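As structure tokens, the structure follows; a few thoughts come after it.
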Amino acid sequence: MSAATPIETKLVVVLGPGGVGKTTTAAALATAMAKQGFKTVVMTVDPARRLAQAMGLKDLSDEAQLVKKYPNGQVDALWLSEKGALEALATKHAPNEESLRKMLNHKFFRIIESQLGGIEEYLGIEKALTLVNQNEYDFCILDTPPSQHALDFFDSPQHLLEFFDESILKHFTHSEEKKKNWVFKAFSIGKDKIIELFQTLLGKSFFNDLASLLALLRPLYTALKATAEQAQSLLKSEKCSYVLVGVLEPHPVDEINYLNAMLNAKQLSKQRYWLANKTLPTSPPPKKALLTKLVGSKRATLITHLASQQENLLKKIASETKLPDASALLPCYSIKDFNIERLEIMGEEAIKQWKMKL
Amino acid sequence: MAKLHFVTGKGGVGKSTLSACIAQQLSSESKGPVLLCDILGHGSAAHYLGHKKVELEPRRCFDIKNLWVSRTEPHAAFKEYIGVLLALGSSDSALLNATSRIRGSLTDLIADNKIVKAFVKACPGLEPIVMLGKVCWESRNGIAPETDRPWEHIVVDSPASGHFVQLFQSTLALLKVFDRGPIKAQAQKIVDLVKDRNLSKYYLVTLPEELPLQEALDLNNLLNELELPQSKMIINKYPDSSAFELETSEEVSSDWIQHLKTEEEKWQLQVELLSNFKIQLGREYLKIETVPGIDGKAWIDLLRTNFQKLNLERIAT
Numbered sequence: 002m003s004a005a006t007p008i009e010t011k012l013v014v015v016l017g018p019g020g021v022g023k024t025t026t027a028a029a030l031a032t033a034m035a036k037q038g039f040k041t042v043v044m045t046v047d048p049a050r051r052l053a054q055a056m057g058l059k060d061l062s063d064e065a066q067l068v069k070k071y072p073n074g075q076v077d078a079l080w081l082s083e084k085g086a087l088e089a090l091a092t093k094h095a096p097n098e099e100s101l102r103k104m105l106n107h108k109f110f111r112i113i114e115s116q117l118g119g120i121e122e123y124l125g126i127e128k129a130l131t132l133v134n135q136n137e138y139d140f141c142i143l144d145t146p147p148s149q150h151a152l153d154f155f156d157s158p159q160h161l162l163e164f165f166d167e168s169i170l171k172h173f174t175h176s177e178e179k180k181k182n183w184v185f186k187a188f189s190i191g192k193d194k195i196i197e198l199f200q201t202l203l204g205k206s207f208f209n210d211l212a213s214l215l216a217l218l219r220p221l222y223t224a225l226k227a228t229a230e231q232a233q234s235l236l237k238s239e240k241c242s243y244v245l246v247g248v249l250e251p252h253p254v255d256e257i258n259y260l261n262a263m264l265n266a267k268q269l270s271k272q273r274y275w276l277a278n279k280t281l282p283t284s285p286p287p288k289k290a291l292l293t294k295l296v297g298s299k300r301a302t303l304i305t306h307l308a309s310q311q312e313n314l315l316k317k318i319a320s321e322t323k324l325p326d327a328s329a330l331l332p333c334y335s336i337k338d339f340n341i342e343r344l345e346i347m348g349e350e351a352i353k354q355w356k357m358k359l
Numbered sequence: 027m028a029k030l031h032f033v034t035g036k037g038g039v040g041k042s043t044l045s046a047c048i049a050q051q052l053s054s055e056s057k058g059p060v061l062l063c064d065i066l067g068h069g070s071a072a073h074y075l076g077h078k079k080v081e082l083e084p085r086r087c088f089d090i091k092n093l094w095v096s097r098t099e100p101h102a103a104f105k106e107y108i109g110v111l112l113a114l115g116s117s118d119s120a121l122l123n124a125t126s127r128i129r130g131s132l133t134d135l136i137a138d139n140k141i142v143k144a145f146v147k148a149c150p151g152l153e154p155i156v157m158l159g160k161v162c163w164e165s166r167n168g169i170a171p172e173t174d175r176p177w178e179h180i181v182v183d184s185p186a187s188g189h190f191v192q193l194f195q196s197t198l199a200l201l202k203v204f205d206r207g208p209i210k211a212q213a214q215k216i217v218d219l220v221k222d223r224n225l226s227k228y229y230l231v232t233l234p235e236e237l238p239l240q241e242a243l244d245l246n247n248l249l250n251e252l253e254l255p256q257s258k259m260i261i262n263k264y265p266d267s268s269a270f271e272l273e274t275s276e277e278v279s280s281d282w283i284q285h286l287k288t289e290e291e292k293w294q295l296q297v298e299l300l301s302n303f304k305i306q307l308g309r310e311y312l313k314i315e316t317v318p319g320i321d322g323k324a325w326i327d328l329l330r331t332n333f334q335k336l337n338l339e340r341i342a343t
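If you're matching them up, the sequences are chains G and S in order.
FYI, the numbering for the first sequence is 2 to 359, going by the numbering used here.
FYI, the numbering for the second sequence is 27 to 343, going by the numbering used here.
See the structure below:
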């Protein structure tokens, strides 16, 4: 890329069930694209030690660090920290120093931080949005954090908004104001009863402490709402594409199918690719007797079974499912010498099989 | 009091399958009814037993003797908790006062009320306390529907590692910050039960891979720090550990030779990872080997033979 060409950052979101190699795939794509002459950044949460080593990452940092320079391209990595996510959110959006200090020192702050789900996912989306708006990279590859359901990622802004919802928080924080306003009062008798109940259940001072923290957190709502709306339109736009990663086993394949259907239901961008990771060769496996001689009977039984399971699943995918047309099968790569060149090979192979236009 | 069996581990390691298996094994070993309860999930453990629709109310798992299945989520558990308080009355006079004043409309108010939902979510420790409280209440007072028999065992298919620890951490942390009120008493009851070595059992499920093993060790340490009873570690998909050396054969195509080589490396790495893991863990773990070609209920039947080694009845008594 020459410096004169204006860059428009494209976002690639990598999705899939846990343990299938999402993070490795994201890193591989960023590396392969960089090798082909683009400036890329991979954003990941908590990579395995082996992957971090392969990329030469040492410290946790939410600033992009250079991984490798190529003659025309470059790959950076950005490591989203899992810990202290609400603190990060508060630091970013608190109206002033004083209110930030009050939030962080509040005795319930850490407890709320530990129980409020979806902040990591939200911070990932927010950071991606910032990078896309800055237009410094050609591609931003976002690895989604492991979660119970891969779709938690998309729902996280909404979940957080529900938590910070002003119309709810104000019931806990503005009881004095309410008493003066008779219209408000008439509508909120039921709500007051609930508050009375909570006060009795939890103790009044506990309730008041909580109300004071919620009042401090209220300003975060405006910032969250704006980001959530921008993120929604980015995730639907042509700037965004999706990579679904799975392995050829019954449960992960079901999950990928479900995920793809949900992307349709949410009307997210149609630029989609899917990838089967850690596959067995598609040629017929050696005869069982021969395999037994080579690897022992237990392993031979396992491999024979996996090969036939894979064959059946591939048939099923071809005939019954509506997975994206762009598909790629990657083999099990050797664990030895796991390094950045290996990532390049993986990524290039996927891009080639997908016929992805860069 | 029913004995509690909490099953947890990183996402995707086989928690639900093993919960189903433990529940079925217990139901075959015990005289009394067994409840398999999914907290914060959709009841996937029961799906493995062929029971598709899991409700908040315990339902008989159709063809398994002595086994009931249910699921729970925070808002429902909170409603139930308030219902119990209202029905039983309370020794706390302030609460009794408040509840009697707001009784009539309260149930309607709480049902599907956005504010209550938000509050249960926002209030520090309330969600963990109502979730664990529900399980503890079942242990103390729960009766298998259509029978008059109390539960003998409750298997809790629990949230993944981090969320699981947080359930306990918040409850403990809140014992310190609550000033008074019935919720504090509730938290104390929960802590007494989950720390009781005779009544509460913990099973950590993991896989022979780098991240899951590391997470299992971290989780084990966290549970120790919380002074919960020592857990049983279960390694799912345990590799065949018999030694082997791959010879090349001209009869095998090059792609398969390449594949077998990487498999060999993987197996060697797993053996290495597991031996380090054992040293760091400092105790035995249970191995669940992958058996190809079967799944669903047949797989669970087969897994149960592994659990006979665990001697659940001995653990239970």
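Where a beta carbon is used, it is the ideal one built from N, C-alpha and C, also for glycine.
All values derive from a computational prediction rather than experimental measurement.
- The C-beta of residue 247 (chain G) comes no closer than 7 angstroms to any C-beta of chain S.
- Fully contained in the segment 43-108 of chain S are the following beta strand (DSSP E) runs of length 3 or more, in chain order: 60-65 and 93-98.
- With contact defined as three or more Cβ pairs closer than 8 angstroms, the segment 234-252 of chain S and the segment 47-57 of chain G are in contact.
- With distances taken between CA atoms, residue 246 (chain S) lies nearest to S:308 out of S:203, S:308 and S:272.
- Ranking G:98, G:218, G:285 and G:201 by CA distance to the CA of residue 277 (chain S) puts G:285 first.
- The beta-carbon of residue 199 (chain S) is placed less than 7 angstroms from the nearest beta-carbon of chain G.
- The segment 266-278 of chain G makes contact with the segment 232-245 of chain G; the number of CB pairs closer than 8 angstroms reaches 3 or more.
- Minimum Cα-Cα distance from residue 225 (chain G) among the listed residues G:95, G:39 and G:17 corresponds to G:95.
- Leaving aside the five residues that flank residue 279 (chain G) on each side, the residues in its chain whose CB is nearer than 6 angstroms to its CB run, in chain order, 248 and 333.
- Straight across, the Cα-Cα distance linking residue 157 (chain S) with residue 29 (chain S) is about 17 angstroms.
- In its chain, beyond the 5 residues on either side, 10 have a beta carbon closer than 8 angstroms to the beta carbon of residue 135 (chain G).
- Distances from the alpha-carbon of residue 47 (chain S) to those of S:36, S:58 and S:31 put S:31 closest.
- For residue 98 (chain S), not one C-beta of chain G is nearer than 7 angstroms to its own C-beta.
- Taking 8 angstroms as the upper bound on Cβ-Cβ separation, chain G lies near residues 185, 186, 189, 192, 195 and 196 of the segment 180-198 of chain S.
- In the three-state DSSP reduction, residue 293 (chain S) falls in the helix class (H, G or I).
- By the neighbour-count definition (other C-beta atoms within 10 Å, threshold 16), residue 167 (chain S) is an exposed residue.
- Of the candidates G:344, G:113, G:266 and G:335, the residue whose Cα lies closest to the Cα of residue 289 (chain S) is G:335.
- Here residue 146 (chain S) carries a helix assignment [DSSP, helix/strand/coil].
- Between residue 116 (chain G) and residue 192 (chain S), the C-beta gap is smaller than 7 angstroms, which places the two residues in contact.
- Straight-line measurement puts the Cα of residue 259 (chain S) at about 24 angstroms from the Cα of residue 95 (chain S).
- Among the CB atoms of chain G, none fall inside 7 angstroms of the CB of residue 77 (chain S).
- In this structure, residue 45 (chain S) and residue 181 (chain S) form a Cβ contact; the two beta carbons are roughly 6 angstroms apart against a cut-off of 8 angstroms.
- Chain-order list of chain G residues neighbouring residue 150 (chain S): 109, 112, 113, 116 and 211, by C-beta distance under 8 angstroms.
- DSSP places residue 247 (chain G) in the strand class (E or B) of the three-state scheme.
- Around residue 200 (chain G), the same chain offers 208 as residues with beta carbons nearer than 6 angstroms, after the five sequence neighbours per side are excluded.
- Beta-bridge partners of residue 227 (chain S) (DSSP): S:31.
- Residue 300 (chain G) has a beta carbon lying within less than 7 angstroms of a beta carbon in chain S.
- Here the alpha carbons of residue 80 (chain S) and residue 260 (chain G) stand approximately 22 angstroms from one another.
- Within the segment 264-284 of chain G, those residues whose Cβ lies closer than 7 angstroms to any Cβ of chain S are, in chain order, 281, 282 and 284.
- For residue 273 (chain G), the uninterrupted beta strand (DSSP E) run begins and ends at 273-280, by DSSP.
- For residue 155 (chain S), no CB of chain G lies under 7 angstroms from its own CB, so it is not counted at the interface with that chain.
- When only Cα atoms are considered, residue 284 (chain S) and residue 104 (chain G) end up about 57 angstroms apart.
- Scanning chain S for C-beta atoms nearer than 7 angstroms to the C-beta of residue 87 (chain G) yields nothing, as the closest lies near 12 angstroms away.
- Contact annotation for residue 106 (chain S) against chain G: no contact, minimum CB-CB distance about 14 angstroms [criterion: below 9 angstroms].
- Under the Cβ criterion of 7 angstroms, residue 244 (chain S) is not counted among the residues facing chain G.
- Taking a cut-off of 8 angstroms for Cβ pairs, the segment 66-85 of chain G and the segment 28-35 of chain G touch, as three or more such pairs fall below it.
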